[in-house]
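S.K.: Got a structure here, written out as structure tokens. Questions coming.
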Amino acid sequence: MVESIIKKEVVVKIAGDSGDGIQLIGGQFTGSTYEVGNDLATFPDFPAEIRAPQGTQAGVSGFQIHFGSVEIETAGDDCDVLVALNAAALKINLKSLKPGGILIVDTNGFDSKNLKLAGYGTENPLDSIDRANYQFYGIAISDQTKRSVEQCAIDPKEKDRCKNMYILGVLYWLYERNMDSTIAFLNAKFGKQAGILEANVLALKAGYYFGETTEIFKARYEVKEAHLAKGDYRNITGNQAISLGLIAASHQLQKPLFFATYPITPASDILHELAKYKEIGVETVQAEDEIAAATMAIGAVFGGNLGVTCTSGPGMDLKAESISLAVSMEIPLVVIDVQRAGPSTGMPTKTEQADLMMAMYGRHGECPLPIIAAKSPSNCFEATLKACEIAFNFNTPVILLSDGYIANGSEPWLIPNVDEIDMRDTESKRANLKTFERDENMVRPYIPFGIAGKEYRIGGLEKDFVTGGISYDAQNHEKMILTREAKVNAVANFCNPLSIELGSENDEIAVIGWGSTYGSIRAAVKKLREEGHSVAHIHFTQLHPFPANTEKILKSFKKIIVPEMNRGQLVKLIREQFLIDAISYSKVQGYPSNNRKS
Amino acid sequence: MTAKDFVSDQEIRWCPGCGDFAVLKQVQNVLAKLNIPKHQYAFVSGIGCSSRFPYYLDTYGIHSIHGRATSLATGLKLSNPALSVWVITGDGDGLSIGGNHFIHLMRRNVDLKVLLFNNQVYGLTKGQYSPTSPLHTISKSSPLGSIDNPMNPLLVALASGASFIARTIDREAKHLQQMLLDVADHKGTALLEIYQNCHIFNDGAFDLYTDKQTKQESTIYLEDGKPMIFGLNKGIDIDNQVVRIIDIEKEGADKCLIHDIKNKEIANILVRLGEGEFSDFPKVFGLIYAEKREVYSFPEKTNITKSELKNILTKK
Numbered sequence: 063m064v065e066s067i068i069k070k071e072v073v074v075k076i077a078g079d080s081g082d083g084i085q086l087i088g089g090q091f092t093g094s095t096y097e098v099g100n101d102l103a104t105f106p107d108f109p110a111e112i113r114a115p116q117g118t119q120a121g122v123s124g125f126q127i128h129f130g131s132v133e134i135e136t137a138g139d140d141c142d143v144l145v146a147l148n149a150a151a152l153k154i155n156l157k158s159l160k161p162g163g164i165l166i167v168d169t170n171g172f173d174s175k176n177l178k179l180a181g182y183g184t185e186n187p188l189d190s191i192d193r194a195n196y197q198f199y200g201i202a203i204s205d206q207t208k209r210s211v212e213q214c215a216i217d218p219k220e221k222d223r224c225k226n227m228y229i230l231g232v233l234y235w236l237y238e239r240n241m242d243s244t245i246a247f248l249n250a251k252f253g254k255q256a257g258i259l260e261a262n263v264l265a266l267k268a269g270y271y272f273g274e275t276t277e278i279f280k281a282r283y284e285v286k287e288a289h290l291a292k293g294d295y296r297n298i299t300g301n302q303a304i305s306l307g308l309i310a311a312s313h314q315l316q317k318p319l320f321f322a323t324y325p326i327t328p329a330s331d332i333l334h335e336l337a338k339y340k341e342i343g344v345e346t347v348q349a350e351d352e353i354a355a356a357t358m359a360i361g362a363v364f365g366g367n368l369g370v371t372c373t374s375g376p377g378m379d380l381k382a383e384s385i386s387l388a389v390s391m392e393i394p395l396v397v398i399d400v401q402r403a404g405p406s407t408g409m410p411t412k413t414e415q416a417d418l419m420m421a422m423y424g425r426h427g428e429c430p431l432p433i434i435a436a437k438s439p440s441n442c443f444e445a446t447l448k449a450c451e452i453a454f455n456f457n458t459p460v461i462l463l464s465d466g467y468i469a470n471g472s473e474p475w476l477i478p479n480v481d482e483i484d485m486r487d488t489e490s491k492r493a494n495l496k497t498f499e500r501d502e503n504m505v506r507p508y509i510p511f512g513i514a515g516k517e518y519r520i521g522g523l524e525k526d527f528v529t530g531g532i533s534y535d536a537q538n539h540e541k542m543i544l545t546r547e548a549k550v551n552a553v554a555n556f557c558n559p560l561s562i563e564l565g566s567e568n569d570e571i572a573v574i575g576w577g578s579t580y581g582s583i584r585a586a587v588k589k590l591r592e593e594g595h596s597v598a599h600i601h602f603t604q605l606h607p608f609p610a611n612t613e614k615i616l617k618s619f620k621k622i623i624v625p626e627m628n629r630g631q632l633v634k635l636i637r638e639q640f641l642i643d644a645i646s647y648s649k650v651q652g653y654p655s656n657n658r659k660s
Numbered sequence: 134m135t136a137k138d139f140v141s142d143q144e145i146r147w148c149p150g151c152g153d154f155a156v157l158k159q160v161q162n163v164l165a166k167l168n169i170p171k172h173q174y175a176f177v178s179g180i181g182c183s184s185r186f187p188y189y190l191d192t193y194g195i196h197s198i199h200g201r202a203t204s205l206a207t208g209l210k211l212s213n214p215a216l217s218v219w220v221i222t223g224d225g226d227g228l229s230i231g232g233n234h235f236i237h238l239m240r241r242n243v244d245l246k247v248l249l250f251n252n253q254v255y256g257l258t259k260g261q262y263s264p265t266s267p268l269h270t271i272s273k274s275s276p277l278g279s280i281d282n283p284m285n286p287l288l289v290a291l292a293s294g295a296s297f298i299a300r301t302i303d304r305e306a307k308h309l310q311q312m313l314l315d316v317a318d319h320k321g322t323a324l325l326e327i328y329q330n331c332h333i334f335n336d337g338a339f340d341l342y343t344d345k346q347t348k349q350e351s352t353i354y355l356e357d358g359k360p361m362i363f364g365l366n367k368g369i370d371i372d373n374q375v376v377r378i379i380d381i382e383k384e385g386a387d388k389c390l391i392h393d394i395k396n397k398e399i400a401n402i403l404v405r406l407g408e409g410e411f412s413d414f415p416k417v418f419g420l421i422y423a424e425k426r427e428v429y430s431f432p433e434k435t436n437i438t439k440s441e442l443k444n445i446l447t448k449k
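Spelled out as structure tokens, the structure:
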């Protein structure tokens with residue numbers, strides 16, 4: 063009888079060739095983890111190439127999931143279980159397997175060709191695996207998959223492709239999961255292709271029963287339900303959460319959503335998600351380029367819509383002039399930047415948070431605008447609502463920053479009650495203002511085209527403060543610059559004050575972050591606090607302007623450390639705006655920050 | 134409404150004598166004639182002399198950024214289909230920096246009216262050659278003559294799938310007005326190329342087509358269903374890709390081709406007459422090609438309801 067061990071948290075990584083269907087089984091395992099009520103965080107890590115050279119290190123696709131009965135902050139650093147479907151996957155990932163960890167390999171992925179492609183030469187690394195240090199299970203997964211689907215009337219290639227289901231079956235057995243939801247998923251996916259459906263289900267079951275009957279595994283593991291706050295949850299990626307946030311904002315503002323974009327990794331999934339909702343009036347346009355997408359969204363703002371454009375770094379470069387037009391015309395435009403590793407094409411599928419300076423300063427002229435950053439996959443929903451709220455209350459373009467890690471990563475999301483979604487709309491207070499008049503926050507009214515008697519002209523030329531007509535007057539120009547700046551600065555008092563995530567103003571050190579490093583910093587600070595250190599965690603979601611109480615809070619700490627996945631961008635803003643001698647901790651490796659020293 | 138209702142309070146800053154004045158006047162005349170309330174007009178322009186146009190019309194207007202009037206107007210029209218949206222662009226704005234959007238607008242066939250002011254020169258940046266300047270044009274940026282082959286915007290538009298193309302000229306007020314009315318009538322993207330004289334940097338570029346001495350022989354004004362006649366008893370026949378000038382006295386008027394705005398193949402030749410391999414033929418003006426084609430638009434929208442939102446958020 064195999065014993066059952068209860069674990070508080072586990073990190074599993076599945077790695078193989080990018081054509082092996084790793085991301086698919088990652089998604090299935092995540093769904094099952096979510097079903098048993100664990101807290102979780104995932105990290106899909108794959109190459110930009112669709113089918114990178116098979117068997118090579120460049121072609122390795124990985125999926126990491128961290129789940130537990132305790133709070134899970136990140137997708138985890140080192141893993142407890144590593145599944146390697148070929149030699150290259152082992153070569154890349156073995157270093158991240160914890161001592162004593164479970165190593166499952168497909169021995170069929172270690173023939174001489176695979177060893178050579180992976181860069182092992184002629185020596186098979188499986189011969190020298192330290193079996194005292196790892197729980198090693200070498201299984202001929204490909205052979206066993208083929209045998210288990212022998213009876214199916216499909217071509218041999220299709221049979222080979224079922225090996226991902228076999229390994230998923232093994233993992234389901236190992237973590238005492240149930241196969242029903244994956245079988246339902248396969249039915250929906252392959253319902254019309256009976257042979258392929260049958261083979262996938264057979265392979266899944268074969269993997270599961272392999273664990274059960276062979277008893278080669280020493281133990282099965284159970285991770286109990288996490289005590290998440292009460293409510294209805296769903297598992298969500300950051301890109302999904304942004305999409306839902308836009309739909310919710312469209313409802314709250316009672317303005318149709320007009321979303322114009324150009325496909326770009328890692329932002330495209332937002333387009334894919336929103337395109338599903340055409341029937342309820344969501345308009346998505348796949349524009350001819352990034353500039354067209356931005357200007358179409360601007361046009362839609364004048365058409366009375368919630369105009370949104372979305373991209374990643376290279377697209378932000380191209381949209382800069384359009385955003386500057388929106389600043390000059392003072393219109394509510396939402397610009398989403400799902401950051402990736404740059405410069406230039408950089409590493410499209412790898413994450414980075416190096417566009418903050420561009421969001422702040424990346425336009426010609428004095429061109430300030432509010433900046434919001436999401437801190438986790440589920441927080442993307444709230445951050446999106448916030449960006450839309452600021453845009454329409456201040457009639458200004460807003461940049462929302464996300465990044466590749468939270469875009470594709472997922473976690474459980476407490477589904478909000480639609481009656482409790484809080485979004486202010488102060489536009490009615492400006493109803494009596496003339497087109498170029500301003501309220502006490504220096505905000506001009508938002509007047510979409512088509513209203514009788516309100517006809518006006520506007521553009522990118524400098525405008526007279528009073529009449530809105532073209533003006534080249536020197537004094538007026540400076541006044542307009544200061545006015546637009548004051549308007550954006552007024553956002554500081556509109557939004558929630560800065561709060562301390564962990565610890566208090568009485569702590570000595572503050573670790574300050576923004577964006578997707580939230581989980582990593584939280585985990586690290588928590589650990590340090592448990593060890594007795596006087597450390598607090600502060601995390602910015604509103605990056606420009608900073609919340610009104612920022613200086614007061616930051617100045618209460620003796621030391622401020624700012625970890626970022628860039629060369630120190632938030633730290634520059636803190637130093638510049640508050641004259642605080644903050645210390646930068648920089649890591650720019652295309653991977654989410656971890657708590658390992660590397 | 135009268136043309137005066139469309140005059141804005143802005144002082145017009147074009148050079149005195151500019152061809153743009155004539156277009157502005159005719160646009161004001163035409164807007165007054167159409168049965169559309171003033172607040173439902175929107176004029177969107179890019180950058181360039183002609184792009185100041187929206188400031189001078191008392192309608193809704195956007196003076197946007199270089200080359201992007203077409204894409205901005207696309208977003209405006211798609212999001213508010215009730216608006217009558219007009220794009221004001223030039224040869225630099227629409228064909229050079231905005232060339233990509235120009236092509237994609239034509240293929241999509243969004244319901245926009247596009248007025249392309251072609252003066253074959255960059256005016257606002259003070260006299261560089263443009264994508265429509267003839268080869269060997271001497272300009273500030275090509276003192277030894279340009280080596281860029283010019284592009285033919287109507288040919289590009291046709292190749293991109295345009296559903297309406299027409300050409301007119303600033304000095305023929307009546308024709309200009311008729312073309313604007315035809316543009317207003319069309320469902321889909323309507324492109325009107327307007328030859329427009331820049332008397333500061335490229336004066337006389339189109340004199341051949343307006344000068345009393347030369348215009349009869351160098352122009353042909355087309356009308357749907359009418360024979361292609363020009364000059365002194367001349368006509369045009371196009372048969373199997375071969376273009377021929379007909380001497381009506383000798384051959385009879387029935388030898389002239391009857392203009393059919395639905396004939397795309399003939400249109401492909403017509404837009405090229407008067408230049409390149411067809412430089413011995415007159416330049417074509419009028420409505421050259423028009424088809425009824427599906428318009429790029431979205432279904433009518435209603436706001437997202439609370440129950441729809443709830444369903445979407447809770448869908449697992």
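So the sequences go chain by chain: A and B.
Count along the first sequence from 1, then add 62; that gives the number in our numbering.
Count along the second sequence from 1, then add 133; that gives the number in our numbering.
Idealized CB from N, CA, C, for every residue including glycine.
Can you tell me where the alpha helix (DSSP H) with residue 178 of chain A in it begins and where it stops?
M.R.: Taken as a continuous stretch (DSSP letters only), the alpha helix (DSSP H) holding residue 178 of chain A covers 174–180.
S.K.: Would you say the stretch 453–468 of chain A touches the stretch 388–395 of chain A, given that touching needs at least three Cβ pairs under 8 Å?
M.R.: Yes, they touch.
S.K.: Is it true that the stretch 465–484 of chain A meets the stretch 408–415 of chain A, where meeting means three or more beta-carbon pairs spaced less than 8 Å apart?
M.R.: At 8 Å Cβ cutoff, the stretches touch.
S.K.: Could you give the first and the last residue of the continuous alpha helix (DSSP H) run that contains residue 539 of chain A?
M.R.: Here the alpha helix (DSSP H) through residue 539 of chain A covers 536–551.
S.K.: Can you pull the chain A neighbours of residue 365 of chain B, defined as C-beta to C-beta under 8 Å?
M.R.: Those within 8 Å of residue 365 of chain B in chain A number zero; the least Cβ separation is about 47 Å.
S.K.: Flag residue 82 of chain A as yes if its beta-carbon sits less than 8 Å from any beta-carbon of chain B, otherwise no.
M.R.: Judged by the 8 Å Cβ criterion, residue 82 of chain A is not in contact with chain B.
S.K.: At a Cβ threshold of 8 Å, is residue 520 of chain A touching chain B?
M.R.: By this cut-off, residue 520 of chain A is an interface position.
S.K.: Can you tell me the Cβ-Cβ gap for residue 606 of chain A and residue 576 of chain A, rounded? I've got them flagged as a contact below 8 Å.
M.R.: Not really, about 11 Å apart at Cβ, beyond 8 Å.
S.K.: Can you list, in chain order, the residues of the stretch 185–216 of chain B whose Cβ is nearer than 7 Å to any Cβ on chain A?
M.R.: If the cut-off is 7 Å between Cβ atoms, the stretch 185–216 of chain B has 187, 188, 191, 192, 193, 194, 195, 196, 197, 198, 201, 204, 205, 206, 207, 208, 209, 211, 212, 213, 215, 216 near chain A.
S.K.: At a CB-CB cut-off below 7 Å, which residues of chain A make contact with residue 324 of chain B?
M.R.: By Cβ distance, chain A contributes nothing, its closest Cβ being about 17 Å from residue 324 of chain B, past 7 Å.
S.K.: Measuring only the C-alpha atoms, how far is residue 367 of chain B from residue 297 of chain B?
M.R.: Taking the straight line from one Cα to the other gives about 27 Å.
S.K.: Name, in chain order, the residues that DSSP records as bridge partners for residue 189 of chain B.
M.R.: Paired residues: none, contrary to the question.
S.K.: Kindly indicate the opening and closing residues of the beta strand (DSSP E) around residue 323 of chain A.
M.R.: Residues 319–323.
S.K.: Give a yes or no on whether 8 Å exceeds the smallest Cβ distance from residue 235 of chain B to chain A.
M.R.: Taking Cβ atoms only, chain A never reaches closer than 8 Å to residue 235 of chain B, which makes this a no.
S.K.: Leaving out five residues on either side along the sequence, give the residues of the same chain with a beta carbon under 7 Å from the beta carbon of residue 162 of chain B.
M.R.: Taken in chain order, the residues that qualify are 136, 310.
S.K.: Which residues mark the beginning and the end of the beta strand (DSSP E) in which residue 462 of chain A is found?
M.R.: Residue 462 of chain A -> beta strand (DSSP E) spans 460–465.
S.K.: If you measure between the beta carbons of residue 142 of chain B and residue 171 of chain B, is that distance less than 8 Å?
M.R.: No; because the gap between Cβ atoms is not below 8 Å, this pair is not in contact.
S.K.: Are the stretch 309–323 of chain B and the stretch 349–357 of chain B touching by the rule of at least three beta carbon pairs closer than 8 Å?
M.R.: Short answer: they don't touch.
S.K.: Does residue 235 of chain A come out as helix, strand or coil in the three-state DSSP assignment?
M.R.: Of the three classes helix, strand and coil, the one that applies to residue 235 of chain A here is helix, per DSSP.
S.K.: In chain order, what residues of the same chain lie with their CB nearer than 8 Å to the CB of residue 353 of chain A, ignoring the 5 residues before and after it?
M.R.: 380, 381, 383, 384.
S.K.: CB-CB under 8 Å to residue 406 of chain A, same chain, minus the five flanking residues each way: which ones, in chain order?
M.R.: Cβ neighbours of residue 406 of chain A beyond the five flanking positions: 376.
S.K.: Restricting to Cα atoms, I'd like to know which of B:199, B:134, B:158, B:148 is closest to residue 305 of chain B.
M.R.: Nearest option by C-alpha distance: B:158.
S.K.: Residue 487 of chain A to residue 315 of chain A, Cα distance in whole Å?
M.R.: Looking at the two C-alpha atoms, the distance is approximately 7 Å.
S.K.: Could you run through the stretch 308–331 of chain A and flag, in chain order, every residue whose CB is less than 8 Å away from some CB of chain B?
M.R.: Flagged, chain order: 309, 310, 312, 313, 316, 317, 318, 319, 320, 322.
S.K.: Going by beta carbon distance, what residues of the same chain come within less than 6 Å of residue 290 of chain B, once the five residues before and after it are set aside?
M.R.: The residues are 239, 298, 324.
S.K.: Within the same chain, show all residues whose beta-carbon is closer than 7 Å to that of residue 301 of chain B, passing over the 5 residues directly before and after it, in chain order.
M.R.: Within the same chain, residue 301 of chain B has close Cβ partners 308, 309, 312, 325, 327, 418.
S.K.: How about residue 414 of chain B and residue 375 of chain B: are their beta carbons less than 8 Å apart?
M.R.: Their beta carbons are not under 8 Å apart, which means residue 414 of chain B does not touch residue 375 of chain B by this criterion.
S.K.: Between residue 169 of chain B and residue 215 of chain B, what straight-line distance do the alpha-carbon atoms span, to the nearest angstrom?
M.R.: One C-alpha to the other measures close to 10 Å.
S.K.: Quick check on residue 290 of chain B - is its C-beta less than 8 Å from some C-beta in chain A?
M.R.: Not closer than 8 Å to any Cβ of chain A, the Cβ of residue 290 of chain B fails to qualify, so no.
S.K.: Given a threshold of 16 other Cβ atoms within 10 Å of its Cβ, counted over all protein chains shown, does residue 144 of chain B qualify as buried or as exposed?
M.R.: That one is exposed.
S.K.: Classify residue 276 of chain B: buried if its beta carbon has 16 or more other beta carbons within 10 angstroms, exposed otherwise.
M.R.: When all chains shown are included, residue 276 of chain B counts as exposed.
S.K.: By Cβ distance, which residues of its chain are closer than 6 Å to residue 318 of chain A, with the 5 residues on each side in sequence left out?
M.R.: 343, 367.
S.K.: Taking only beta-carbon atoms, is residue 362 of chain A less than 8 Å away from chain B?
M.R.: Yes, contact with chain B.
S.K.: Using a Cβ cut-off of 8 Å (strictly closer), state whether residue 294 of chain A contacts chain B.
M.R.: Residue 294 of chain A counts as touching chain B.
S.K.: If we count the other Cβ atoms within 10 Å of its Cβ and call it buried at 16 or more, is residue 149 of chain B buried or exposed?
M.R.: Classification of residue 149 of chain B: exposed, given that the 10 Å Cβ count is below 16.
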